[in-house]
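So the structure is just underneath, and the comments pick up after that.
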Amino acid sequence: MTLYWLAGLFATLLILALAGYAALLWRRVAQQEKARQQQQAERQQRLAGDLQIIAGCLLDEQMPWIEGCIRLKVLLDHYDASLSCSAPFAVLHTVHAEVADVPSHQAWKDLPSRERKAHEQRFRELELQHKIAVRQAVLHLQQQLAARA
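Quick note: to get our numbering, add 54 to the position in the sequence shown (first position is 1).
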């Protein structure tokens, strides 16, 4: 009978130890999830701040219009893809698609002057065509960001 008691006691202790270990692991998972959510919230706040800055600069004409459109579209995609795909922001996607083939950074600097001027002329045409719609999209974005703050 003593052997059965020892086996039962051992089994009980083993079950308690495993339950304790499972609880420890569950706690770690919960902490990691909380940290992940906090990082995501901080990322969203950073993106919202960046969007506000770019939107303000675009409205105040403190940056090239094309650059502002591209930056807003990309940041908005990262901030909230479903918001980015909504109707008010379709113009940003249109402008982005129109200039997607234009080289950037060093490749832009390496372009012959004639090609750069042709792209710049295209930029001016796009701005004339879409400036009002982009301004409305930017104002709408500022309202959306203010509502979420």
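Heads up, the beta-carbon is just placed ideally off N, CA and C, and yes, glycines get one too.
Check	Outcome
Environment of residue 163 [buried if 16+ CB atoms lie within 10 Å]	exposed
Endpoints, the alpha helix (DSSP H) within which residue 131 is located	119-133
Nonlocal neighbours in the same chain, by C-beta distance under 6 Å from residue 137, ignoring five residues either side	none
Residue environment, residue 198, which counts as buried when at least 16 other CB atoms sit within 10 Å	buried
Within 8 Å, strictly: CB atoms of residue 111 and residue 122	yes
Under 8 Å between C-beta atoms of residue 157 and residue 165	yes
Straight-line Cα distance separating residue 178 from residue 196	25 Å
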